[in-house]
Amino acid sequence: MNQEMLQQQIKQLAIDKDALLIAHNYERDEIQEIADITGDSLALSIEAKNTDKQIIVFCGVHFMAESAAILAPEKIVLLPRADAGCPMADMVTAEGLREMKRQHPDATVITYVNTSAAVKAESDICCTSSNAVSVARSVDAKKLLLVPDRNLGHYIASQVPEKECILWEGYCSTHDRLNVEEVQQAKRDHPDALFMVHPECRPEVLELADHICSTSGMYEFATKNPAKKFIVGTENGILWRLRKENPDKQFLMPNREMICPTMKITSLEDVLRCLQTMETQITVAEDIRIKARRALDRMLAVPRD
Ligand code: 13P
Ligand code: SF4
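Take the sequence shown: its letters are residues 3 to 307, numbered as in the working numbering.
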C-alpha cells in the first residue's frame, strides 16, 4: 500500500471508530499531515482531556500518552508504539527522586513533563518548556529541585537568581548534541537569520539565541517576527509545520543530526495497526495518577507571564 492509501485508510478508520488522532510536533511529516491536531506535549494532553471523543491515538512518546491518561482517565489513550519512550524521562526514577528529596527536604520539586507518572507523583509541581520560568517564580520556596533536564534546569536557574536551584543530571541527547561551533557557523553562513532555540539545549548554545522557547513558542515567533530566515535549535520534526505555516520564510537546521529516534519510531503502519487492534492502551495506576494529577493541576493553575 502506498503512503497516500495508508493515510486514507487511517483517516477512515479514525472516523469509523470516532477516534481523535493527535501528533507531537516532532513526529514524522506523514503522520503530522493526517493528524487532527499537532502540538506540544502538554497542549495535546489538554486536547485529549477536552475532546468529546473517547478514543485518543497519541502519536508521540510514552510520557505524553501518560499525561493524557492522567488528565483524562475515562478515555482510551492509545500509543501506536509501546516502545516509543523518552530517553531523558528514563534518566530519573521515583526511587531516585525520593532519595534526592531526602537529601534536600526543604526544596520544592519542579518536574518537567518529560517524566513518568511515578516521578510526577513524587513532585510538588510540573512544568513544560513554555512555562518553566513562570512555574519557578510562582512557588513560594527559596530552594528548588529541578528534574530531570540539567539544561532546562540551568535556564530556569538563570531566570530566578534569587532562588537556590539543585539540578538533576539528566539531558536530552537530541538537543544536547547541538554545539556552539555549529550555531556560529550557521550564523556566519546566514547573517540575516534569527536563532530560536529550545531550552533543552546547552547553556552556551542558549547564550547565542535571539529567542529561547518551546516548540509552540517557535511557531508563534516565526510567524509574528518579520525576519525571513530562522536557524532552528530543536528536533527536526518541527520543520514540517514551520514551513507549511510560513511558506515565504526559510528555516535552517545548524545540525542535521537533531532527530529524536523515539519520536521517529512511529510509522503510518503502526498507527493503522493501533486503530485496528486498539493497542497499546496507556493507563496509570489510580494512586499514582491522583498524585501526578495534583502536580499537573498545580502547574495548570500558574498564570502565564
Ligand atoms: P514540548 O513540551 O515542547 O512538546 O517538548 C517535548 C520534548 O520532548 C522536547 O524535547
Ligand atoms: Fe525525549 Fe529529547 Fe526525544 Fe524530546 S527530543 S522526546 S526530550 S529524547
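Beta carbons: idealized from backbone N, C-alpha and C, even for Gly.
* To do: Determine, using beta carbons only, whether Leu81 comes closer than 9 Å to chain B.
  => The displayed structure is made up of one protein chain only, and chain B is not part of it.
* Asked: Counting Cβ pairs closer than 8 Å, one from the stretch 195-208 and one from the stretch 219-228, do we hit at least three?
  -> yes
* Asked: If Thr176 sits next to Met93, beta carbons under 8 Å apart, how far is it from one beta carbon to the other, in whole angstroms?
  -> Not a contact, Cβ separation roughly 13 Å.
* **beta strand (DSSP E) segments (min. 3 residues) lying fully within the stretch 65-133** => 78-80, 110-114 and 127-129
* Return the first residue and the last residue of the alpha helix (DSSP H) that Thr236 is part of. => Neither: Thr236 is in no alpha helix (DSSP H) and is coded neither H nor E.
* Asked: Under 9 Å, do Val149 and Ser118 count as touching if we go by C-beta distance?
  -> no
* **Nearest-residue set for the ligand SF4, Cβ under 7 Å from any heavy atom** => Tyr28, Val63, Cys88, Pro89, Met90, Ala91, Asn116, Cys174, Ser175, Thr176, His177, Glu202, Glu237, Cys262, Thr264 and Met265
* **Residue from His106, Leu23 and Lys19 whose Cα sits closest to the Cα of Cys167** => His106
* Asked: How close, in whole Å, do the beta carbons of Lys165 and Leu180 come, if the pair is a contact with beta carbons under 8 Å?
  -> No, Lys165 and Leu180 are not in contact; Cβ-Cβ is about 27 Å, not under 8 Å.
* Taking buried to mean at least 16 other C-beta atoms within 10 Å of its own C-beta, is Met255 buried or exposed? -> buried
* Under a three-way DSSP split, which group does Gln283 fall into? -> strand
* Can you tell me the Cβ-Cβ gap for Lys293 and Ile233, rounded? I've got them flagged as a contact below 8 Å. => Wrong, their Cβ atoms sit about 41 Å apart, outside the cutoff.
* Give me whichever residues DSSP pairs with Lys165 in a beta bridge. => According to DSSP, Lys165 bridges with nothing at all.
* To do: Pick out the complete beta strand (DSSP E) segments inside the stretch 168-220, 3 residues or longer, and give them in chain order.
  => 196-199
* Identify, in the order they occur along the chain, each residue of the same chain with its Cβ nearer than 6 Å to the Cβ of Lys51, setting aside the five sequence neighbours on each side. => Leu73 and Ala74
* Asked: Taking just the CA atoms, how far does Ser160 sit from Lys144?
  -> 14 Å
* Please report the residue range of the alpha helix (DSSP H) in which Ile36 lies. => Asp31 to Ile36
* Asked: Any heavy atom of the ligand 13P closer than 8 Å to the Cβ of Leu81?
  -> no
* For Phe253 and Leu244, the rounded distance between their alpha carbons -> 8 Å
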